[in-house]
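So the number in our numbering is just where the residue sits in the sequence shown, counting from 1, plus 1. Virtual Cβ for every residue (Gly too), placed ideally from N, Cα, C. Notes follow the structure.
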Amino acid sequence: MDINVNMDPNVNMGPNITVQRYVSSVSDINLILEEESGIGNMVGEGEKPKAVIVGGSIAGLSTARALTLAGWDVLVLEKTILSPTGSPTGAGLGHNSLSQQNIHSWLTQSQQLLNNTTLPLTIDQNHATDSEKKVNNTLTRDESLNFRAAHWADLHGLLYNSLPSDIFLWGHLSFSFHAVDDKGSVMVNAKVLETGKHMAVSLPFARNISLILNSDPLARSGIFYRYSGYCAWRGVLDYSKNENSETITGIRKTYPDLGKCLYFDLASGTHTVLYELQNKKLNWVWYVSQPEPEVKLSTFRGTSVTTKVNSDMIQKMQQEAEKNFIPELVKVIKETREPFLNFIYDSDPLENIFWDNVVLVGDAAHPTTPHCLRSTNMSILDAAVLGKCMEKWGAENLESALEEYQFIRLPVTSKQVLHARRLGRLKQGLVLPDREPFDPKLVRPEDYQELLLGNTPFFNDVPELLGLIPSSSSPSDCL
Numbered sequence: 002m003d004i005n006v007n008m009d010p011n012v013n014m015g016p017n018i019t020v021q022r023y024v025s026s027v028s029d030i031n032l033i034l035e036e037e038s039g040i041g042n043m044v045g046e047g048e049k050p051k052a053v054i055v056g057g058s059i060a061g062l063s064t065a066r067a068l069t070l071a072g073w074d075v076l077v078l079e080k081t082i083l084s085p086t087g088s089p090t091g092a093g094l095g096h097n098s099l100s101q102q103n104i105h106s107w108l109t110q111s112q113q114l115l116n117n118t119t120l121p122l123t124i125d126q127n128h129a130t131d132s133e134k135k136v137n138n139t140l141t142r143d144e145s146l147n148f149r150a151a152h153w154a155d156l157h158g159l160l161y162n163s164l165p166s167d168i169f170l171w172g173h174l175s176f177s178f179h180a181v182d183d184k185g186s187v188m189v190n191a192k193v194l195e196t197g198k199h200m201a202v203s204l205p206f207a208r209n210i211s212l213i214l215n216s217d218p219l220a221r222s223g224i225f226y227r228y229s230g231y232c233a234w235r236g237v238l239d240y241s242k243n244e245n246s247e248t249i250t251g252i253r254k255t256y257p258d259l260g261k262c263l264y265f266d267l268a269s270g271t272h273t274v275l276y277e278l279q280n281k282k283l284n285w286v287w288y289v290s291q292p293e294p295e296v297k298l299s300t301f302r303g304t305s306v307t308t309k310v311n312s313d314m315i316q317k318m319q320q321e322a323e324k325n326f327i328p329e330l331v332k333v334i335k336e337t338r339e340p341f342l343n344f345i346y347d348s349d350p351l352e353n354i355f356w357d358n359v360v361l362v363g364d365a366a367h368p369t370t371p372h373c374l375r376s377t378n379m380s381i382l383d384a385a386v387l388g389k390c391m392e393k394w395g396a397e398n399l400e401s402a403l404e405e406y407q408f409i410r411l412p413v414t415s416k417q418v419l420h421a422r423r424l425g426r427l428k429q430g431l432v433l434p435d436r437e438p439f440d441p442k443l444v445r446p447e448d449y450q451e452l453l454l455g456n457t458p459f460f461n462d463v464p465e466l467l468g469l470i471p472s473s474s475s476p477s478d479c480l
């Protein structure tokens, strides 16, 4: 099983990074592994098992934290070469009560920090938008959502600060890992992007590494991305200096439950998402159907392609928004600085998520479209289940631990990826094999249930294994 990692220096990793290790050659990797982690040493009696995690996004950090608590030494290989300061725009995300409980159990700081950086999302509400009359009509309202809204950089920062800073290995290399013999030696193929040089070095220390974990979807060999058929304009409006502006008073009057509600506005062939983030920010997403762009793999971010936009593209987007949505929402879109454009991809479910001692977690295991708020929640639950499996079985029974991890997670994530794909196509009015395209003007009562997030397979499922999670707060305390 190859693991390919595109070490891209442009990815923001979150705030408050205090230690930086720059990698200019593969020999540096071996040296730093020995100096910082002792991974180059033989594992003797009483020593901790060791894992290398490829990718330092939320999935990678969650896995690092879960394995650390299970008694493992970890090393995180991350693409970034400069100390990041967090994305100025970034994106919002929603995490469910189980993710909240897992994050609480991982934080070394005050558990209240999670609540201080998030807002509740207790309502899932779908509107039908009449683009001609510019009015919304409520289709569904579910008041049992039990999520919290966070900015990506804030959640990433909490997880990063719960880990030792010296477990991170920074660099801008492309890696590929593959076994070269039956003793566990690993060959690393690398490219130093700054110099353009390629190299291949055998790492004998790897025979003493129990696990190589991949949380980066770009680092998955043989991945086949499926274009969803649409892109997403995204933005975060910071209104902290204009709380009483006409735009903010108007949006609050029209969407009165901002601060606790996840709003979906469904127009013909398009739809938007709107919810509030902590620190007086409004997060919006607008899905627009269009042909697949010509892109390079290196532009992927998670399960989307981020495209550079110019002022003409933004102006055209704003004009199209005026044609489709109500004026109060359009004003928010127009006043947002630096909106960005993602093209949305996913992948068909895999048959396996581990091979020998190589394990997939997060978007590397199950690239998904964002419509069921699954990506971050699946990543966090992957990490939690993997950590508990390692704790239960121990490193000496690694295969049994990985088999249980796969047995618990693969059936769940496979169904959730396919359901998110269906829900996205439904809300976007695209063709589905078993029904007519969805039209919010002609919606039938039997269509309502399909729109609800709560109909996602295993939506509130809690694996029995996670009954062991220590937590001083119940899920309801997180709201």
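Identify, in the order they occur along the chain, each residue of the same chain with its Cβ nearer than 6 Å to the Cβ of residue 36, setting aside the five sequence neighbours on each side. Here the model assigns residue 36 a pLDDT of 48, short of 50, so the residue's position is not dependable, and the following value carries that caveat. In the same chain as residue 36, and ignoring 5 residues on each side of it, no C-beta atom comes closer than 6 Å to its own.
How would you call residue 338, buried or exposed, if buried means at least 16 neighbouring beta carbons within 10 angstroms? With fewer than 16 Cβ atoms within 10 Å of its Cβ, residue 338 is classed as exposed.
Buried versus exposed call for residue 436 [16 or more other C-beta atoms within 10 Å across all chains shown]: With a threshold of 16 other beta carbon atoms within 10 Å, residue 436 falls short and is exposed.
Through-space distance from residue 141 to residue 445, alpha-carbon basis: One C-alpha to the other measures close to 12 Å.
Please report the straight-line C-alpha distance between residue 483 and residue 93, rounded to a whole angstrom. With the chain covering 2 to 480 only, the question about residue 483 has no answer from this structure.
What is the DSSP secondary structure of residue 232, counted as helix, strand or coil? Look at residue 232 here: in three-state DSSP terms it is strand.
Alpha carbon of residue 60 to alpha carbon of residue 66, nearest angstrom: Pairing residue 60 with residue 66, the inter-Cα distance amounts to about 10 Å.
When you compare the CB positions of residue 79 and residue 225, do they come within less than 8 Å of one another, or not? Cβ distance not < 8 Å, so residue 79 and residue 225 don't count as in contact.
Are the CB atoms of residue 324 and residue 132 within a distance shorter than 8 Å? Going by C-beta atoms, residue 132 is nearer than 8 Å to residue 324.
Euclidean distance between Cα positions of residue 422 and residue 134: Their Cα atoms are separated by approximately 30 Å.
Return the CA-CA distance between residue 58 and residue 71, expressed in angstroms with no decimal places. As the crow flies, the alpha-carbon of residue 58 is around 20 Å from that of residue 71.
Using 10 angstroms around the beta-carbon of residue 280, count the other beta-carbons present and answer buried if the total reaches 16, otherwise exposed. Per the 10 Å Cβ criterion, exposed.
Beta-ladder partner(s) of residue 355, from DSSP: Residue pairing for residue 355: DSSP places it in a beta bridge opposite 360.
At least 3 beta-carbon pairs within less than 8 Å: the region 396-416 vs the region 95-112: Result no; under three Cβ-Cβ pairs closer than 8 Å.
Take residue 261 as the anchor and find which of 109, 365 and 148 has the nearest alpha-carbon. Shortest Cα-Cα distance from residue 261 to any of 109, 365 and 148 involves 148.
Could you pull the start and end residues of the beta strand (DSSP E) that residue 290 belongs to? Run containing residue 290: 282-290, per the beta strand (DSSP E) assignment.
How long is the line joining the alpha carbons of residue 451 and residue 418, rounded to whole angstroms? Going by the C-alpha atoms only, they are around 15 Å apart.
Within 10 angstroms of its Cβ, does residue 237 collect 16 or more other Cβ (buried), or is it exposed? The residue is buried, with at least 16 neighbouring Cβ atoms inside 10 Å.
Classification of residue 343 by the beta-carbon crowding that lies within 10 angstroms, buried from 16 upward: Counting C-beta atoms within 10 angstroms of its own C-beta, residue 343 has 16 or more neighbours from the protein chains shown and is therefore classed as buried.
Can you round the beta-carbon distance between residue 275 and residue 330 to whole angstroms, since I take them to be within the 8 Å contact cut? Contact flag correct, Cβ pair sits at about 7 Å.
In angstroms with no decimal places, state the Cα-to-Cα distance between residue 439 and residue 75. The alpha-carbon separation between residue 439 and residue 75 amounts to approximately 47 Å.
Could you tell me which of 258, 272 and 290 sits nearest to residue 283, measuring between CA atoms? Checked all of 258, 272 and 290; the closest Cα to residue 283 is 258.
Quick check: what's the CA-CA separation for residue 341 versus residue 403? Straight-line Cα distance between these residues: approximately 38 Å.
My guess is that residue 266 and residue 137 are in contact by the Cβ rule of under 8 Å, so how many angstroms apart are they, rounded? Yes, they are in contact, since the Cβ atoms of residue 266 and residue 137 sit about 6 Å apart, within 8 Å.
Sequence-distant residues of the same chain with beta carbon closer than 6 Å to residue 441, five excluded per side: Around residue 441: 129 and 267.
Got a sec, what are the start and stop residues for the beta strand (DSSP E) residue 138 sits in? 136-143 is the span of the beta strand (DSSP E), which, as asked, contains residue 138.
So, under 8 Å CB-CB, residue 232 and residue 320 are touching, yes? Tell me the CB distance rounded to an integer number of Å. Not confirmed; about 16 Å, so no contact.
Would you say residue 360 and residue 464 are within 8 Å of each other, going by their C-beta atoms? For residue 360 and residue 464, no; Cβs fall outside 8 Å.
In whole angstroms, what is the alpha-carbon distance linking residue 120 and residue 312? Whole-angstrom Cα-Cα distance: 32 Å.
For residue 97, which residues of its own chain have a beta-carbon under 7 Å away from its beta-carbon, when the five flanking residues on both sides are left out? Hits under 7 Å: 147, 148 and 378.
Determine the DSSP secondary structure at residue 207, reduced to helix, strand or coil. For residue 207, the predicted structure reports a pLDDT of 44, less than 50, and the residue's modelled location is therefore unreliable. The matter cannot be settled from this model.
List the endpoints of the continuous beta strand (DSSP E) containing residue 277. Per DSSP, residue 277 belongs to the beta strand (DSSP E) from 271-278.
Taking only the alpha-carbon atoms, compute the straight-line gap between residue 165 and residue 326 and give it to the nearest angstrom. Answer to the nearest angstrom: the Cα atoms are 47 Å apart.
Helix, strand or coil: which one does DSSP assign to residue 412? It is helical.
Would you kindly work out how many angstroms separate the C-alpha atoms of residue 353 and residue 389, rounded to a whole number? Those two C-alpha atoms are separated by around 19 Å.
Helix, strand or coil at residue 79 [DSSP, three-state]: DSSP places residue 79 in strand when its eight states are reduced to three.
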